[in-house]
Amino acid sequence: MTDTDMVMSCRKVWKLFGPRPGAYLAGLDPAASFDQIRADGYVPAVRDVSLDISKGEMLVIMGLSGSGKSTLVRCLSRLIEITGGEVRVEGQVIGDLSEKELIDLRRNKMGMVFQSFGLLPHRTVLENVAFPLEMRGQDIHTRRARALEVIELVGLGGREDYFPRELSGGQQQRVGIARSLAIEPDIWFLDEPFSALDPLIRREMQDEFLRLQGLLGKTIVFITHDFDEALRLADRIAIMKDGAVEQCDRPDRIVMEPATEYVAKFIEDIEKARVVHASAMMQPVNGHDLTGAAVDGGKTISQLARLLVNDDRLILPVAGPDGAIIGGLDRQKALDVLLGAKE
Amino acid sequence: MTALSTNAHHVDARHDVRMRVAQILLMAALVLTVGKGVLPEGLVRPPAWMVWPFADWINAFFDFLRDDLGLIHVTRAFADGVEWLLDITANLLYGKNRWPRLGPIPWSVIAITAAMIGYYLSGWRLAMFAGLTFVWVAVMGQWEWTMETLSVIIVAAPLSILLGLVFGTMAWRSAGFRMVLNPLLNVAQSLPHFAYMIPVVVFIGVGPKAGAIVTIIFSVPPMIRMTLLGLQKVPPEVVEAGHMAGATRWQLLRHVRLPTARTEILVGVNQVIMQCLAMVVLASFIGMPGLGQKLLQLLQALKIGRSIEIGITIVLLAVMLDRCSKAWATRQPEHIEKGTSWLIRHRLLLVWAVLVGVFWGLSLMFPVLHEIGRRDAFSLADPLDAMMDWVIMVLDPVTQWLRWFLIVWVLIPLRDAMLWLPFSAVLVFLMAVGWAVGGRRSALICLAYFGLIAMTGWWDRAMITVYTVTFAVFLATLIGFPLGIWGSRSESRARAVLLICDTLQTFPSFIYLIPVIMLFGVNDVAVVGAVVLFAAVPLIRYTIEGLRNVPVAQIEAANMSGASRRQTLWSVRLPLALPTIMVGVNQSVMFSLFMVIIAAFIGTQDLGQEMQRALSSSDVGKGLVLGLAVAFMGLMVDHLITVWANRRRKALGLET
Ligand SMILES: Nc1ncnc2c1ncn2[C@@H]1O[C@H](COP(=O)(O)OP(=O)(O)OP(=O)(O)O)[C@@H](O)[C@H]1O
Ligand SMILES: [Mg+2]
Chain A
1 MTDTDMVMSC RKVWKLFGPR PGAYLAGLDP AASFDQIRAD GYVPAVRDVS LDISKGEMLV
61 IMGLSGSGKS TLVRCLSRLI EITGGEVRVE GQVIGDLSEK ELIDLRRNKM GMVFQSFGLL
121 PHRTVLENVA FPLEMRGQDI HTRRARALEV IELVGLGGRE DYFPRELSGG QQQRVGIARS
181 LAIEPDIWFL DEPFSALDPL IRREMQDEFL RLQGLLGKTI VFITHDFDEA LRLADRIAIM
241 KDGAVEQCDR PDRIVMEPAT EYVAKFIEDI EKARVVHASA MMQPVNGHDL TGAAVDGGKT
301 ISQLARLLVN DDRLILPVAG PDGAIIGGLD RQKALDVLLG AKE
Chain B
1 MTALSTNAHH VDARHDVRMR VAQILLMAAL VLTVGKGVLP EGLVRPPAWM VWPFADWINA
61 FFDFLRDDLG LIHVTRAFAD GVEWLLDITA NLLYGKNRWP RLGPIPWSVI AITAAMIGYY
121 LSGWRLAMFA GLTFVWVAVM GQWEWTMETL SVIIVAAPLS ILLGLVFGTM AWRSAGFRMV
181 LNPLLNVAQS LPHFAYMIPV VVFIGVGPKA GAIVTIIFSV PPMIRMTLLG LQKVPPEVVE
241 AGHMAGATRW QLLRHVRLPT ARTEILVGVN QVIMQCLAMV VLASFIGMPG LGQKLLQLLQ
301 ALKIGRSIEI GITIVLLAVM LDRCSKAWAT RQPEHIEKGT SWLIRHRLLL VWAVLVGVFW
361 GLSLMFPVLH EIGRRDAFSL ADPLDAMMDW VIMVLDPVTQ WLRWFLIVWV LIPLRDAMLW
421 LPFSAVLVFL MAVGWAVGGR RSALICLAYF GLIAMTGWWD RAMITVYTVT FAVFLATLIG
481 FPLGIWGSRS ESRARAVLLI CDTLQTFPSF IYLIPVIMLF GVNDVAVVGA VVLFAAVPLI
541 RYTIEGLRNV PVAQIEAANM SGASRRQTLW SVRLPLALPT IMVGVNQSVM FSLFMVIIAA
601 FIGTQDLGQE MQRALSSSDV GKGLVLGLAV AFMGLMVDHL ITVWANRRRK ALGLET
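Quick note, the sequences are listed as chains A and B, same order. Using the UniProt record's numbering, the letters of the first sequence correspond one by one to residues 1 to 343. Using the UniProt record's numbering, the letters of the second sequence correspond one by one to residues 1 to 656.
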C-alpha cells in the first residue's frame, strides 16, 4: 500500500467528553485504563485510535452500543473537534483546515448518513434530498432532477412531496440515504444506515453501495451491529470496545486469529465456516504431498463443505486465483471449523 | 448504597444547620418587633443616610443619554419610522387621511378576511369565531376604536418579532451576550407596565406612536427567550447533517436552525401578540387612542354597561388572536398530492379574493356593509345597565357588608400592622425565610432585594404593596386551591377547567377591573378583588396540572396499600404536586404585583400611585426606581420559590 492510496488516516486520536478534556489528556498517563478515566469524570469516547483507510476500501466498524463508533466517525469528518491526535484526509490534516476549506471539503468530497437520520423537519423529501446540492449552488432544475433520480433509486418514488413526519422510520432512513447518494461523495460515512430497513430493501441497498464502491472507487466507513452485513460488505472490520479499536483486520483473520479475548468473545457465535476462506486456513506447501484436484482458495469453508466431507485426503491442495497451487488445507482442521468445534 | 446513605446523611445535617440559623434569625426578628419601643429610630424607619438618590442618578443618566449622546435623535428617527408604518395601517383600517389614502377598508371585507385566516389556520370553528368577532365589533359601533387598537398591534407585533429573533439569535451565538441579557430579561419581565411607559414618554412623547413603541419594548423579551430556547433545542444530528452538506454559518442558521426551531418561535409569536394586546390597552395611560382609552374613560365615569361592551370586544379579540396564533404554531406542513392543479392548490386564496371582491362591491351598494355609524349601531348598554343595577341592588347588602368588613377589620388593621413593623425586623425576617429555604446565599439575596427597596426611600409605599399582594395571594389561594383540587377530580373536568383558565389568562389585565368596580365601586376592596381574580387563575391551573401529573405508579402503590381517596390526596398526590403548585403561587405573586400597580388608578396608596404620579410628571428616575422596587419583590419571591421547588423535586425524585 503506497502513501498515495491512503485516503484517510488517523494517528492516536482521542476524544474525551468532560469539563476540561484538553488539559486532562495532556497530563494523562498513557497506560490509564478506561475505568480510571471514567472515575476522573471524563468519558473516553475515542481512545488512542490509529487507522489507515485506503482508496476504494470499505471499512466496517463494529462494537457494542456506546463503544464510540459514532464518535469516531464524527472525529474523522470533523463534526466534533478531537481532543488529541491527528486526522488526515488525502494528506491534509483536517484539524488545521479553515472554515472555508472545511466547507469545500464537505461539499466536494464527503457525505454522511446519520444514525437518527438528521432530516430537516420543515422540508419535503425532495427538498431534503436536494439540500446538499442546494448548498453546492446547483440550480433548481438540475438538483430537482438529480434528487428525483435517487429518490426513485431508494424506492421512495411518488413520495417526494411528503414531509419527514409523514413517513415511517425506514422510509425516513431511506431519505437520509438518498440525500447522501445524491452527491456521490468520494468519502462516505454511513452510521448504521440500514438499521431500520426490512431485509429485502436492506439487501438492495447493500448491493447499491457495493456497486458504487466497485464502479467508482468510493471509500466507505460503515457502522453496523449486524455481522452478516459486515461480512457481505467489509474489506476490513474494526472492532471497538470502550473507545479503543481492539482489532482491525480482514474478516477471516479476525475470526481465525482474534487479537484479544474481547474480540474472541465478540465473534464467538459467528459461524466461522461462512467467513473463513480456504486460503486463510492453508499451510505452506513445503514437504507435503499434494496430489489430485485442488480447491479454490477464494471459497469459504462452508462453500467447500460437500467436498471436505466426501474427500479422504489428509491435506487438500489449494489453488490461487490463477490456478497455481499456493498451499495445503488440513482437512481435519477444516472440518472442525465446519462443525463449529471449539479448541 | 453506602455512598447514597452518607450523602443523605450529609443533606440532613445541612438541612438541620439551615433550620437552626433560620430559627435564630426569626427570633431576632421577633425581638426587634417586640422591642420596637426601645429601638433607635434608625432601625424602625430607614434612616436618611441609607436612602440614596437613585432617581436623581437615573435622571442624570437619561439626560446624558438624551442630550449629550444625542440618543433622542436616534429614538426620534426610529419613532418616525414607526409612525410612517402606523399611518399606513391607520389609513387602511380606519381611513386616517394619510398615504396611501386607500382606506378605510369596509368592515365586511375585514371580517371575511379574518374568517378566512381562521379557516386556513384551523377550520370552520375558528373561522366562525374570527368572523363573528368582527361582526360584533362593527354592529356594536366600536369599529373605529378597535381598528385604532389593531392598527398599532399590526405594526408593533412584527417589529417585536423581528427584534426578538435578532436578539435571540445573538444570545444563542454568544455566551457573553447571553450572560448580560439573562438578568436584564429577568428584570424586564418583572417590571410593571408603567415602568416602561415613563422613559418612552420622555423620549417620544404621548400618543399612538409612543403607544406602539412601548408595546414593542414590552413584548420583545418573551420572543428573545423563545428564539433562544428553540435554537438550543434543535437536534444535533440535524445540524450535523447541515454541516456535512457543506452549509456555511449563515446557510445553517437560515435553512437549518431557524426553520427547525419553528414551533418554539411561533409560541414566541403567540406570546408577543398577547403581550402587545395587553400593553396596547394599557397604553391608553399615555394617550394611546382605541379600546383601552374608551374603557378607561367609561370605567372612570362608572358607565358599567358600556364598559362591559368594550370589555367583551377586548376579550373576543384576545381569544381570537390567541387561538389563531396558537393554531399557526401547532399547524404542521402537509404535502400536496402530485398533479394537483394550481387552482386547487391555491383555492383558499382564490375564494378569499373572490369574497373580498364581492363584499367590497356590496359595500359600495349598501353602505351598512362599509361602515356602521354610531347612530345605527346596537347597544346593549341600557339593558346591561338595568340588569347590573338589579344585580347590584340584590347583592348590595352583601357587598356593602363585605366592603365594610374588609376595610375596617382586615385591610386597615393589616396595613397599619405592616406600616408599624420596624424595617429592620422585616429584613431580618426575610433573611430567616431565605436561610430556611436556600441557606446563606438565598438569605443574602433576600436581604439585597429588600435592602435596595429600603434604600430607595419608598419603604412605606412598598409595605402597602406587600400587604395588598400578600393578602390577595392568600385569598387567591383560598379560592384557587380547592377549585384546583375539585377540577382535577376527573380528566374531562380537568380539561374543561384548564381551557377556561387558559382563556382567562389571555385577557388583558385591565379587563379584570370591570366586574370588581361594578360590584365594589372605586376603592381598596375593588383593588384587592381584581388582584384576587387575576391571581387565582394561575393557582387553579398549576394545582390541576400538578395533581394530574403525579406518576401513576405512586397512586397505584397508595391504592394498593389501602389508602382512601382522601388519604391518597393528602399524603400522596398533594405532596408530590406541591412543587408544581408552588410554581403557580410564584406566577400568582407576579400577576398580583402587575395588577396592584395597574389598579392604582382606581385609588391605592402604594407604589402604583406614586408610579402614576411619576408618569404624569414624566419623571423617569422616580418611575424606574419604583418599577425596580416592584420587580425586586417579584424577583425575590421567584428566587425563593424556584430554589424551594427544585430542592423539593430532587428530594421527591421527580427530577429527571
Ligand atoms: N456529546 C456528548 N457528551 C458526552 N458524552 C458523549 C457525547 N456523545 C457521546 N458521548 C458518550 O460517548 C460514548 C460513545 O458514544 P457513541 O455515540 O459514539 O456510541 P456508539 O458506539 O455509536 O453507540 P450506538 O451503537 O448506540 O450508536 C458513550 O458513552 C456516550 O455516552
Ligand atoms: Mg452510534
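Positions of the beta carbon are idealized from the N, C-alpha and C atoms, including for glycine. Computed from a prediction, not measured in an experiment: that's the story for all the values here.
In this structure, does DSSP put residue i in helix, strand or coil?
i                           : result
aspartate 235 (chain A)     : coil
threonine 263 (chain B)     : helix
arginine 11 (chain A)       : strand
phenylalanine 366 (chain B) : coil
aspartate 606 (chain B)     : coil
aspartate 139 (chain A)     : coil
lysine 241 (chain A)        : strand
alanine 45 (chain A)        : strand
glutamate 152 (chain A)     : helix
glycine 176 (chain B)       : helix
glutamate 204 (chain A)     : helix
phenylalanine 17 (chain A)  : strand
arginine 88 (chain A)       : strand
glutamate 134 (chain A)     : helix
glutamate 246 (chain A)     : strand
aspartate 191 (chain A)     : strand
methionine 112 (chain A)    : strand
methionine 223 (chain B)    : helix
glycine 176 (chain A)       : helix
isoleucine 105 (chain B)    : coil
Can you tell me whether residue i is buried or exposed, with buried defined as 16 or more other CB within 10 angstroms of its CB?
i                        : result
glycine 653 (chain B)    : exposed
proline 192 (chain B)    : buried
threonine 142 (chain A)  : exposed
tryptophan 52 (chain B)  : exposed
residue 406 (chain A)    : Residue 406 (chain A) lies beyond the residue range present for chain A, which begins at 1 and ends at 343; the question has no answer from this structure.
alanine 273 (chain A)    : buried
tryptophan 124 (chain B) : exposed
alanine 641 (chain B)    : A quick correction: the sequence has isoleucine, not alanine, at residue 641 (chain B). Flag for isoleucine 641 (chain B) reads buried.
lysine 96 (chain B)      : buried
leucine 160 (chain B)    : First, the residue type needs correcting, since residue 160 (chain B) is serine and not leucine in the sequence shown. Buried.
asparagine 108 (chain A) : exposed
leucine 419 (chain B)    : exposed
residue 664 (chain B)    : Any answer about residue 664 (chain B) is impossible in this case: the structure gives chain B only from 1 up to 656.
leucine 93 (chain B)     : buried
glycine 217 (chain A)    : exposed
glutamate 160 (chain A)  : buried
threonine 291 (chain A)  : exposed
glycine 323 (chain B)    : Glycine is not the amino acid found at residue 323 (chain B); the sequence shown has arginine there. Result: buried.
alanine 645 (chain B)    : buried
proline 333 (chain B)    : exposed
Roughly how far, in whole angstroms, is the beta-carbon of residue i from the beta-carbon of residue j, given that I think they are within contact range, below 8 Å?
i                       : j                        : result
valine 620 (chain B)    : isoleucine 58 (chain B)  : 6 Å
arginine 493 (chain B)  : glycine 487 (chain B)    : 6 Å
aspartate 235 (chain A) : methionine 6 (chain A)   : Incorrect: roughly 14 Å between the Cβ atoms, too far for contact.
threonine 169 (chain B) : leucine 231 (chain B)    : 7 Å
valine 214 (chain B)    : methionine 197 (chain B) : 5 Å
Inside the stretch 394-472 of chain B only - alpha helix (DSSP H) runs reaching at least 4 residues: Those alpha helix (DSSP H) runs which fall completely within the stretch 394-472 of chain B and span 4+ residues are 412-420 and 423-456.
By the 9 Å beta-carbon criterion, what residues does the stretch 231-263 of chain B contribute toward chain A? Listed by position, the residues of the stretch 231-263 of chain B near chain A (Cβ gap below 9 Å) are Pro235, Pro236, Glu237, Val238, Val239, Glu240, Ala241, Gly242, His243, Met244, Ala245, Gly246, Ala247, Thr248, Arg249, Gln251, His255, Val256, Pro259, Thr260 and Arg262.
Length at least 4, wholly inside the stretch 562-649 of chain B: the alpha helix (DSSP H) runs in chain order: As far as the stretch 562-649 of chain B is concerned, its whole alpha helix (DSSP H) runs of at least 4 residues are 565-568, 574-598 and 607-616.
Within the stretch 251-285 of chain A, note down every full alpha helix (DSSP H) run reaching 4 residues or more, in order along the chain. Counting only runs that start and end inside the stretch 251-285 of chain A, the alpha helix (DSSP H) elements of at least 4 residues fall at 251-256, 261-266 and 278-281.
Curious, which full-length beta strand (DSSP E) runs of at least 3 residues does the stretch 286-338 of chain A contain? Annotation: the stretch 286-338 of chain A contains the following complete segments of the beta strand (DSSP E) (minimum length 3 residues), in chain order: 315-319 and 325-330.
Short-range partners of chain B found in the stretch 78-104 of chain A, where Cβ spacing is below 7 Å: So the list reads Leu79 and Ile103, given in the order they occur along the chain.
Mind checking the stretch 334-366 of chain B against chain A and listing, in chain order, the residues whose C-beta falls within less than 8 Å of any C-beta there? Here the close residues are Glu334, His335, Ile336, Glu337 and Lys338.
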